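Numbering (my numbering), first residue to last: 623 to 1104. From the three backbone atoms N, C-alpha and C, an ideal C-beta is built for every residue, glycine too. It should be emphasised that the depicted structure is a prediction, and the values quoted were computed from it without experimental measurement.
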Ligand code: ADP
């Protein structure tokens, strides 16, 4: 990591109770671009995590007793330090995650925006007074920090998935213990270094590393943890939700998606193509809101396919640190093998790959973007999350039919559609079974809007004024003044 200008940001230890701590064994972290080892992080024991939880619990008393305004000032400093170190943070992220440097820096900005937003929202946590039902009673509510929080985060957004949870927790007056994905711990540890520099007190923001399954136990089962937040696959989320049941924890889950992208015959096709590129290929297709299925109306299908193909053929695959790279390496070889299983199934059932003419040799973690046509609902690729740069195109003719097909999934995270008819816009937006709908746009995420899914895509909302509610408990006060 000697390409960093501030070496303090490269930490190979966990940050617990204001100290950098080590464990018995290390986990090597590799660069997905060339498999070189970037460094190691500790594999903490359950005992070390239990200690961290007790310390975070003790530290919370002082933090929650401060005013929201005092906490906001410290969070604002953290936000400013992250912005000031954007080049190094982006470089660390590209090295461990693979995404192009410009995208990595974009994520750092996005991650920082949650800290700024929730620092402000923390000042607007209002209770209420309630008209009494007995004349001598006075009824009211207060909102208090929920308690010690824990979080497990994924590798696809190594910074933003942390701040989206930590910022509302800290603004509300809670402490938090975060276990980042073992593929991308260095971004999380760099954020911890900046949290320390910003003056966040010891024990309030903690980052632990180690075996996910082992550390997942105390993070979901310890009695001193009141709230657990997870971003990752539905499969793992289901298991962690079950683990949280043993102590009835409040739980937020941001799980898998299967986003449809519907292009109606009255759509602005150029706009649909440009938006489809972003919604499909951002982060190499490795986001939970990435398009999984393009449904294109028969009347505009040929035009869409031709224009989309021309744009996809321009995408450059390469090392994320190189300028002009659009798609970096995939996170692991195993991820590519999973995509290939879906691809083979689709090809065996009659789908065809469009010739893009620009392919690089697929080696290591590199995979070319692909467009698959003649896709139908019998193929697994329509029902499972692809999580990679493969676009599947499906022809449709009828609005009712396409809505039924779009909703025919256990997932309900994001959906996108393109239409210039205002009546259709409302009709379709209301019928889509998803937590978020992009209408004539492929970019929907920001800190001020509620991010989250329905069905088996999860529980709760992150970002927005709703995002802090998950870190608060409502207490009802009934006073008799007779
Ligand atoms: P992804 O496909 O994005 O890696 P996962 O759901 O497998 O999604 O992983 C998301 C996060 O959950 C990662 O930090 C991973 O280490 C963690 N994780 C995976 N399996 C478990 C488990 N059984 N218990 C606790 N954490 C887990």
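So residue i is in the alpha helix (DSSP H); what residue range does that whole segment cover?
i: residue 1102; result: Segment 1094-1102 is the beta strand (DSSP E) holding residue 1102; no alpha helix (DSSP H) there.
i: residue 903; result: 891-903
i: residue 866; result: 856-867
i: residue 801; result: Not the alpha helix (DSSP H): residue 801 falls in the beta strand (DSSP E), residues 798-801.
i: residue 1048; result: 1044-1053
i: residue 993; result: That residue, residue 993, is in no alpha helix (DSSP H); its beta strand (DSSP E) goes 992-995.
i: residue 785; result: 782-794
i: residue 962; result: 955-970
i: residue 686; result: 668-687
i: residue 720; result: No alpha helix (DSSP H) holds residue 720; DSSP gives it neither H nor E.
i: residue 840; result: 834-843
i: residue 697; result: 690-706
i: residue 808; result: 807-820
i: residue 1003; result: 1002-1005
Report the CB separation of residue i from residue j in whole angstroms; it is logged as a contact under 8 angstroms.
i: residue 843; j: residue 874; result: Wrong, their Cβ atoms sit about 17 angstroms apart, outside the cutoff.
i: residue 774; j: residue 827; result: About 15 angstroms separates the two Cβ atoms, so there is no contact after all.
i: residue 781; j: residue 715; result: 7 angstroms
i: residue 951; j: residue 988; result: 6 angstroms
i: residue 768; j: residue 813; result: About 22 angstroms; that fails the 8 angstroms criterion.
i: residue 877; j: residue 1079; result: 5 angstroms
i: residue 900; j: residue 1065; result: 6 angstroms
On the DSSP bridge assignment, give the partners of residue i in chain order.
i: residue 762; result: 751, 1099
i: residue 662; result: 650
i: residue 637; result: 642, 829
i: residue 917; result: 884, 1016
i: residue 773; result: 800, 851
i: residue 1039; result: 884, 1061
i: residue 1084; result: 1073
i: residue 767; result: 1094
i: residue 949; result: 939
i: residue 1027; result: Paired residues: none, contrary to the question.
i: residue 975; result: 994
i: residue 1034; result: 1076
In terms of residues, what are the limits of the beta strand (DSSP E) holding residue i?
i: residue 882; result: 881-885
i: residue 876; result: 872-876
Using a threshold of 8 angstroms, state whether the C-beta atoms of residue i and residue j are closer than that.
i: residue 1060; j: residue 1036; result: yes
i: residue 727; j: residue 712; result: yes
i: residue 822; j: residue 914; result: no
i: residue 729; j: residue 651; result: no
i: residue 831; j: residue 804; result: yes
i: residue 678; j: residue 941; result: no
i: residue 1094; j: residue 765; result: yes
i: residue 771; j: residue 791; result: yes
Inter-stretch contact (C-beta, 8 angstroms, three-pair minimum) for the region 738-756 and the region 813-822: Touching, no.
Does the count of Cβ pairs from the region 1012-1031 and the region 881-892 closer than 8 angstroms reach three? Yes, since at least three Cβ pairs between the region 1012-1031 and the region 881-892 fall closer than 8 angstroms, the two stretches touch.
Within the chosen definition, does the region 978-996 reach the region 1007-1022 through at least 3 CB pairs nearer than 8 angstroms? Touching, yes, given that three or more Cβ pairs across the two stretches are closer than 8 angstroms.
Evaluate contact between the region 746-766 and the region 834-848, counting only Cβ atoms and requiring at least three cross-stretch pairs below 8 angstroms. Judged by Cβ distances under 8 angstroms, the region 746-766 makes no contact with the region 834-848, as fewer than three pairs qualify.
Between the region 712-729 and the region 897-917, can you find at least three pairs of beta-carbon atoms closer than 8 angstroms? Taking a contact to require three or more Cβ pairs closer than 8 angstroms, the region 897-917 and the region 712-729 qualify as touching.
Do the region 975-987 and the region 953-964 make contact, defined as three or more Cβ pairs closer than 8 angstroms? Counting Cβ pairs under 8 angstroms, three or more are found: they touch.
Three CB pairs or more closer than 8 angstroms across the region 755-765 and the region 1083-1103: Three or more beta-carbon pairs separated by less than 8 angstroms link the region 755-765 to the region 1083-1103, which places the two stretches in contact.
Would you call the region 626-644 and the region 666-684 touching, i.e. three or more CB-CB distances under 8 angstroms? By the Cβ criterion, the region 626-644 is in contact with the region 666-684, since at least three pairs of Cβ atoms, one from each stretch, lie closer than 8 angstroms.
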